[in-house]
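Trainee:
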Amino acid sequence: MPELPEVETVRRGLLPAMEGVKIVDAAVNRPNLRWTLPENMAVRLTGATVTALRRRSKYILADLDSGETLIIHLGMSGRMLISGVAVGEFVHEHPAPQKHDHVVLNMENGARVTFNDARRFGHMDLGETATLEDHWLVSSIGPEPFGNGFNESYLVQAIKDRASPIKTVLLDQRVVAGLGNIYVCEVLHRAKISPIRRASNLSKKRIESLVPIIRDVLGEAIEAGGSSLRDYRQADGELGYFQHTFRAYGREDAPCVTEDCTGKITRIVQSGRSSFYCPKCQR
Ligand SMILES: [Zn+2]
């Protein structure tokens, strides 16, 4: 499931194909994805120019000169395929239509952007750009981890009275936007905080320490995604999934990489999801 760094990588990969470029033809091949798609979606997209391609949490936002914004969510398995333009050193020819190609955008620069999603947990919607922050998909999302609204005093206020485990609190999208299971495990490992510790039991100083760590962990993953775009070789032109090495996530029974720690990474299940952590240095 794509998390914020993967979505940001997809956005950056789409920039040369979409930003500042007119959609000359849009095909919407089914009435619904996760939810019902907007009425006359293909007509509303056709002829519109993408004035900016932004990201809010795990949503890619394509602002259109029609005054609407196309909201794109990749869900669990959604993929953006790009063909017809050079990405790095490679030009992907337009592929034959595939099953699960739900939305296809032909751009004026010759690029084709295809949203393919076998499981259909992804979604697209159109909302008025001017009032987009009130759109139901994004209205309850907390501050962006790289934005000014996310800082030490904010985080202390947001979580100091929460009795839930810190991992659960950080996964709450109202607290901070876009943090998912993988990167919360990484953040807590780096912060040496146990995922089972109650948020309300953490000192102010330890909560504050999470702010730069969250930014570092996400920033490094975005950078890794950027390098995957540069030497981009996948035959089908898929954007956004890249190899990244983790310190905790997926490393059950492996030695902890914290300096001078002799512990081992352990896996536990919290709220139905795996937490990977080192019981020795994460307290
Ligand atoms: Zn350790």
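So the sequence shown is numbered by the numbering used here: it starts at 1 and just counts up by one.
Ideal placement from N, C-alpha and C gives every residue a C-beta, glycine not left out.
Bear in mind that the values here come from a model prediction, so they are computed numbers and not experimental data.
#1: Let me check you understand the geometry: is the CB of C185 closer than 6 Å to at least one non-hydrogen atom of ligand 1?
#2: Please state if the CB of S57 and the CB of V141 are separated by a distance shorter than 7 Å.
#3: From S139 to E133, what distance separates their C-alpha atoms?
#4: Determine the DSSP secondary structure at V187, reduced to helix, strand or coil.
#5: Only counting the same chain, and skipping five residues up and downstream in sequence, which positions put a Cβ closer than 6 Å to that of A130?
#6: Jot down the residue ranges of each uninterrupted beta strand (DSSP E) in the stretch 95 to 136, minimum 3 residues, whole runs only, in chain order.
#7: Taking 6 Å as the cut-off, is the C-beta of K280 nearer than that to any heavy atom in ligand 1?
#8: Is the beta carbon of I23 less than 7 Å from the beta carbon of A52?
#9: What number of angstroms, rounded off, separates the C-alpha of D236 from the C-alpha of N201?
#10: For the beta strand (DSSP E) that contains P26, what are its first and last residues?
#11: Quick check: is any heavy atom of ligand 1 less than 6 Å from the C-beta of G263?
#12: Does the contact criterion of 3 or more C-beta pairs under 8 Å hold for the stretch 143 to 160 versus the stretch 66 to 74?
#13: Is it buried or exposed, D260, if we count other Cβ atoms within 10 angstroms and call 16 or more buried?
#14: Would you list the one or two residues that DSSP bridges to E68?
#15: Beta-carbon separation of E286 and R247 under 7 Å?
#16: Output the distance between the C-alpha atoms of L179 and Y249, rounded to the nearest integer angstrom.
#17: Would you kindly report the start and end of the unbroken alpha helix (DSSP H) that includes R55?
#18: Consult DSSP for T266 and reduce its assignment to one of helix, strand or coil.
Mentor: To lay it out plainly:
#1: As a first step, residue 185 must be located in the sequence shown, where it is residue number 185. No, the beta carbon of C185 sits no closer than 6 Å to any heavy atom of ligand 1.
#2: Here residue 141 corresponds to residue number 141 of the sequence shown, with the count starting at 1. Here residue 57 corresponds to residue number 57 of the sequence shown, with the count starting at 1. One point to set straight first is that residue 141 is Ile, not Val, in the sequence displayed. In this structure, I141 lies near S57, with their beta-carbon atoms less than 7 Å apart.
#3: In the sequence shown, the residue the question calls residue 139 occupies position 139. In the sequence shown, the residue the question calls residue 133 occupies position 133. Going by the C-alpha atoms only, they are around 5 Å apart.
#4: As a first step, residue 187 is located in the sequence shown; it is residue number 187 there, counting from the start. If DSSP states are grouped into helix, strand and coil, V187 belongs with the helices.
#5: Within the sequence shown, numbered from 1, the residue matching residue 130 stands at position 130. The beta carbon of A130 lies closer than 6 Å to none in the same chain, with the five residues before and after it left out.
#6: For the stretch 95 to 136, whole beta strand (DSSP E) runs of length 3 or above, ordered along the chain, are 101 to 107, 112 to 116, 123 to 128.
#7: Here residue 280 corresponds to residue number 280 of the sequence shown, with the count starting at 1. K280 Cβ: within cutoff of ligand 1.
#8: The residue labelled residue 23 in the question sits at position 23 within the sequence shown. The residue labelled residue 52 in the question sits at position 52 within the sequence shown. In this structure, I23 lies away from A52, with their beta-carbon atoms at least 7 Å apart.
#9: As a first step, residue 236 must be located in the sequence shown, where it is residue number 236. As a first step, residue 201 must be located in the sequence shown, where it is residue number 201. For D236, the pLDDT reaches just 48, beneath the cut-off of 50, and the residue's location in the model is therefore unreliable, although a value from the coordinates is still provided. Rounded to the nearest angstrom, the two C-alpha atoms are 48 Å apart.
#10: For this step, residue 26 is matched to residue 26 along the sequence shown. First, the residue type needs correcting, since residue 26 is Ala and not Pro in the sequence shown. It spans 23 to 28 - the beta strand (DSSP E) in which A26 sits, taken as one unbroken run.
#11: Position 263 of the sequence shown, counted from the first residue, corresponds to residue 263. Yes, since a heavy atom of ligand 1 falls inside the 6 Å radius drawn around the Cβ of G263.
#12: Here the stretch 143 to 160 makes no contact with the stretch 66 to 74; the two share fewer than three CB pairs at distances below 8 Å.
#13: Here residue 260 is taken as the residue at index 260 of the sequence shown, counted from 1. D260 comes out exposed.
#14: Within the sequence shown, residue 68 is the residue found at index 68, counting from 1. BP columns for E68 point to E128.
#15: The chain is shown from 1 up to 283; residue 286 falls before or after that span and cannot be answered.
#16: In the sequence shown, counting from the first residue as 1, residue 179 sits at position 179. In the sequence shown, counting from the first residue as 1, residue 249 sits at position 249. C-alpha separation (whole angstroms): 14 Å.
#17: Taking the first residue of the sequence shown as position 1, residue 55 is located at position 55. Careful: R55 lies outside any alpha helix (DSSP H), inside the beta strand (DSSP E) at 50 to 56.
#18: Along the sequence shown, read from residue 1 onward, the residue named residue 266 stands at position 266. Three-state result, T266: strand.
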